[in-house]
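In the working numbering, the protein residues as written are 7 to 639.
Even for Gly, the Cβ is constructed at its ideal location relative to N, Cα and C.
Here's the structure we're looking at; comments come further down.
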């Protein structure tokens, strides 16, 4: 079953926070150095807390000494008191510095792990997700871990340590009554606090979901600026984004409403506890069972714990918010990565590669946009080294899916794909994809220079190699005419370039990898016929004997010289042969050829208007007429 949408598409959140899993992820992201720094920070927290508990004891002893008019040792006690306060403050600053160093290292490694995991997730997963949502989940998850780390180290641990030490000291001085009151207060505080957190958890998760949805819409809109402007859809998108922001606003309002109610309840508990403790201590002083110094000690402890307890409440509420963020991150990490090689891993021998599909069937099941029928049905063909195999057919007939299956971006439901008689499932993904270069139908470039975009497929390539690849794609002279040449920034997704220029840069990028198998999926659809033929002749001439070519095309003029043409219809290969053989059969291919020839003569888009059931019943909107490359827009 496809679990790509698990939790990330708004499924019900888990009933309990996966604390063990969250801690395990954090532990794996920390190295020995970071753990050592966290240990040092923990020791500093302990030392600072002990000094904070010791200072009121020293103050008590001083007050008792003054009360008994015993000046001996008062100067020493005063010095120790001041020193304890100073050291406590210094240790507090030092622990923050040490913790920050460890925290940044852990978050960096966690970020790297998350990014690597996201890249390793299968194509099926990414087809069902929004880029902006994934980015927000990563960002919020890291924020959740940072909040949790900080509050555990600087809020929860110090308060717990101080409460335990206070109890021991009060027992040492014989104040069991005060200790009992404080214990009841702590229990009441914990109960009130726990009830509040249960009501905060729901709004916290709603905030997380709302932020993810708004971020996804924002990113999607920015990536589609040209479409939005072309259709005057700015107000429509703005209204949708405002709706997403309203969702965030409402979630935060609910969160703060619950947080305020919880804070008021906790404040009542703390106030009553403080009043009861002071009344009891005052009574003990009047009865002579407690000295004035003891009263000051109790009062100091109460005042000293009041602020940390309030901070602990804030910390727990922030941690609840952080844990809601972490839940989405854990759901993302639970997604399985791409399937690696099955069985003993094999290696490809040097030289040419034969591609063989044996009864391959595939369906995009689980996707809302996929057809109910299989995309490919029992597809079989063979492409020997040096051969050029063309795949043609109507849009949606399964041609591009063949390329995805060959690269193992997807795995077939049935059948086998082999390279030199080795099933591709027995090859590592690195070795398999290292042997193949693909020029996809939808060209996307990085917001970087032309040189880096070409060198992307083979990092470390020198300038001469980059320029040679550009010459093979017939784009070198065009690049030299640009003011910045190969250092020209192409814009996000290459939007500063024309369609033809993007295609030629993508071809150069593929050529630089020196592939043993070329897959061209409508790779020259934005080029004029003359440039298209020049590029194909250059590429095929470079390594005709050892390279296998799979060319997916709608423009049939592109593949006239193919060794074999495979005609796809509704996921099946319905015809195969050379151009001349297929024309003689008077089947689907001949009909496609006739339509394109007529379209070129009339200068109108090719359509098929035959009777239902004939090969031409479908409008072939993707059969493009020749377009001239216009260069940089």
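With burial defined as no fewer than 16 other Cβ atoms inside 10 Å of the residue's Cβ, what is the status of residue 561: buried or exposed? What you label residue 561 is simply residue 555 of the chain shown in a count that begins at 1. The residue is buried, with at least 16 neighbouring Cβ atoms inside 10 Å.
Candidates 501, 553 and 138: closest to residue 395 by CA position: One-based indexing of the chain shown puts residue 395 at position 389. When each option's Cα is compared against that of residue 395, the closest is 553.
My guess is that residue 64 and residue 98 are in contact by the Cβ rule of under 8 Å, so how many angstroms apart are they, rounded? Taking the first residue of the chain shown as position 1, residue 64 is located at position 58. Taking the first residue of the chain shown as position 1, residue 98 is located at position 92. Contact flag wrong, Cβ pair sits at about 18 Å.
Proximity of residue 248 and residue 399 at Cβ, strictly below 7 Å: The residue you call residue 248 lines up with position 242 of the chain shown. The residue you call residue 399 lines up with position 393 of the chain shown. In this structure, residue 399 does not lie closer than 7 Å to residue 248 by Cβ.
Kindly indicate which three-state DSSP category residue 272 falls into: helix, strand or coil? Counting from 1 along the chain shown, the entry for residue 272 is found at position 266. Reduced to three states, the DSSP call for residue 272 is helix.
By the three-class DSSP mapping on this structure, what secondary structure does residue 241 have? Position 235 of the chain shown holds residue 241. Three-state DSSP puts residue 241 in a helix.
Would you decide whether residue 427 is buried or exposed? Buried here means 16 or more other CB atoms lie within 10 Å of its CB. Translated into the one-based positions of the chain shown, residue 427 becomes position 421. Residue 427 comes out exposed.
So the candidates are 578, 94, 602 and 414; which of them puts its Cα closest to the Cα of residue 129? Numbered from its first residue, the chain shown carries residue 129 at position 123. The shortest C-alpha separation from residue 129 is found at 414.
Whole angstroms is fine: what's the gap from residue 460's alpha carbon to residue 585's? The count along the chain shown starts at 1 and reaches residue 460 at position 454. The count along the chain shown starts at 1 and reaches residue 585 at position 579. Their Cα atoms are separated by approximately 34 Å.
Report the residue from 277, 591, 479 and 577 whose alpha carbon sits nearest the alpha carbon of residue 369. The residue given as residue 369 occupies position 363 in the chain shown. Ranked by how close their Cα comes to the Cα of residue 369, the residues 277, 591, 479 and 577 have 577 in first place.
Whether residue 80 touches residue 61 by CB criterion (7 Å): Translated into the one-based positions of the chain shown, residue 80 becomes position 74. Translated into the one-based positions of the chain shown, residue 61 becomes position 55. At least 7 Å separates the beta-carbon of residue 80 from that of residue 61.
Can you give the Cα-Cα distance for residue 104 and residue 170, rounded to whole angstroms? Taking the first residue of the chain shown as 1, we reach residue 104 at position 98. Taking the first residue of the chain shown as 1, we reach residue 170 at position 164. Whole-angstrom Cα-Cα distance: 25 Å.
Quick check: what's the CA-CA separation for residue 29 versus residue 272? Position 23 of the chain shown, counted from the first residue, corresponds to residue 29. Position 266 of the chain shown, counted from the first residue, corresponds to residue 272. Near 28 Å, if we compare the C-alpha coordinates of residue 272 and residue 29.
Beta-carbon proximity check, residue 149 vs residue 331, cutoff 7 Å: For the purposes of this step, residue 149 is identified with residue 143 of the chain shown, where counting begins at 1. For the purposes of this step, residue 331 is identified with residue 325 of the chain shown, where counting begins at 1. In this structure, the beta-carbon distance from residue 149 to residue 331 falls below 7 Å.
Ignore the nearest five residues each way along the sequence and tell me which others in residue 52's own chain have a CB closer than 7 Å to its CB. Locating residue 52 in the chain shown gives position 46, where the first residue counts as 1. Cβ within range, chain order: 167.
Tell me whether residue 642 sits in a helix, a strand or coil according to DSSP, three-state version. No answer is possible for residue 642: it lies beyond the span of the chain, which begins at 7 and ends at 639.
Spatial neighbours of residue 250 within its chain, please: C-beta separation below 6 Å, excluding the five flanking residues on both sides. Your numbering for residue 250 matches position 244 in the chain shown. Same-chain partners within the cutoff: 219, 220 and 223.
Could one say the Cβ of residue 504 lies closer than 7 Å to chain C's Cβ atoms, at least one of them? No chain C is part of this structure, which consists of one protein chain only.
Delimiting residues of the alpha helix (DSSP H) encompassing residue 425: Within the chain shown, residue 425 is the residue found at index 419, counting from 1. Unbroken run through residue 425 is the beta strand (DSSP E), 420 to 425; no alpha helix (DSSP H).
Range covered by the alpha helix (DSSP H) that runs through residue 367: As a first step, residue 367 must be located in the chain shown, where it is residue number 361. Unbroken run through residue 367 is the beta strand (DSSP E), 361 to 368; no alpha helix (DSSP H).
For residue 599, I'd like the list of residues in its chain whose CB is within less than 6 Å of its CB, leaving aside the five on either flank, ordered along the chain. The residue you call residue 599 lines up with position 593 of the chain shown. If we look at residue 599 and ignore the five residues flanking it on each side, its Cβ neighbours are 562.
Under the DSSP definition of a beta bridge, which residues are partnered with residue 385? As a working note, residue 385 is residue 379 in the chain shown. DSSP output for residue 385 lists 366 as bridge partner(s).
Starting from residue 488, trace the alpha helix (DSSP H) both ways and give me its first and last residue. Locating residue 488 in the chain shown gives position 482, where the first residue counts as 1. Taken as a continuous stretch (DSSP letters only), residue 488 belongs to no alpha helix (DSSP H), as it is neither H nor E.
Proximity of residue 335 and residue 138 at Cβ, strictly below 7 Å: Position 329 of the chain shown, counting from 1, holds the residue named residue 335. Position 132 of the chain shown, counting from 1, holds the residue named residue 138. Residue 335 places its beta carbon 7 Å or farther from that of residue 138.
From what residue to what residue does the alpha helix (DSSP H) around residue 58 run? One-based indexing of the chain shown puts residue 58 at position 52. First-last of the alpha helix (DSSP H) with residue 58: 38 to 73.
C-alpha gap between residue 303 and residue 165, whole angstroms: Indexing the chain shown from 1 puts residue 303 at position 297. Indexing the chain shown from 1 puts residue 165 at position 159. Looking at the two C-alpha atoms, the distance is approximately 17 Å.
Less than 8 Å between C-beta atoms, sequence neighbours within five positions excluded: which residues of the same chain meet that for residue 579? Mapped onto the chain shown, residue 579 falls at position 573. Correct list, in chain order: 385, 386, 387, 572 and 573.
Any idea if residue 26 is buried or exposed, counting beta-carbon neighbours within 10 angstroms, 16 or more meaning buried? Residue numbering aside, residue 26 sits at position 20 when the chain shown is read from its first letter. By the 10 Å Cβ count, residue 26 comes out exposed.
Which partner residues of residue 599 appear in the DSSP bridge assignment? Position 593 of the chain shown holds residue 599. Paired residues: none, contrary to the question.
For residue 397, the first and last residue of its enclosing beta strand (DSSP E): The residue you call residue 397 lines up with position 391 of the chain shown. It spans 394 to 399 - the beta strand (DSSP E) in which residue 397 sits, taken as one unbroken run.
So, are the CB atoms of residue 463 and residue 519 less than 7 Å apart? Within the chain shown, numbered from 1, the residue matching residue 463 stands at position 457. Within the chain shown, numbered from 1, the residue matching residue 519 stands at position 513. The answer is yes: Cβ separation under 7 Å.
Could you check which residue in 485, 517, 106 and 283 has the C-alpha nearest to that of residue 184? Indexing the chain shown from 1 puts residue 184 at position 178. Closest option to residue 184, Cα to Cα, is 283.
For residue 443, report the span of its beta strand (DSSP E) as first-last. Within the chain shown, residue 443 is the residue found at index 437, counting from 1. Taken as a continuous stretch (DSSP letters only), the beta strand (DSSP E) holding residue 443 covers 442 to 445.
Determine the DSSP secondary structure at residue 528, reduced to helix, strand or coil. Counted from its first residue, the chain shown places residue 528 at position 522. Coil.
N- and C-terminal bounds of the beta strand (DSSP E) containing residue 558: Position 552 of the chain shown, counting from 1, holds the residue named residue 558. 554 to 558 is the span of the beta strand (DSSP E), which, as asked, contains residue 558.
Residue nearest to residue 89 in terms of C-alpha spacing, selected from 294, 233 and 57: By one-based count along the chain shown, residue 89 stands at place 83. Of the listed residues, the one whose Cα sits closest to residue 89 is 57.
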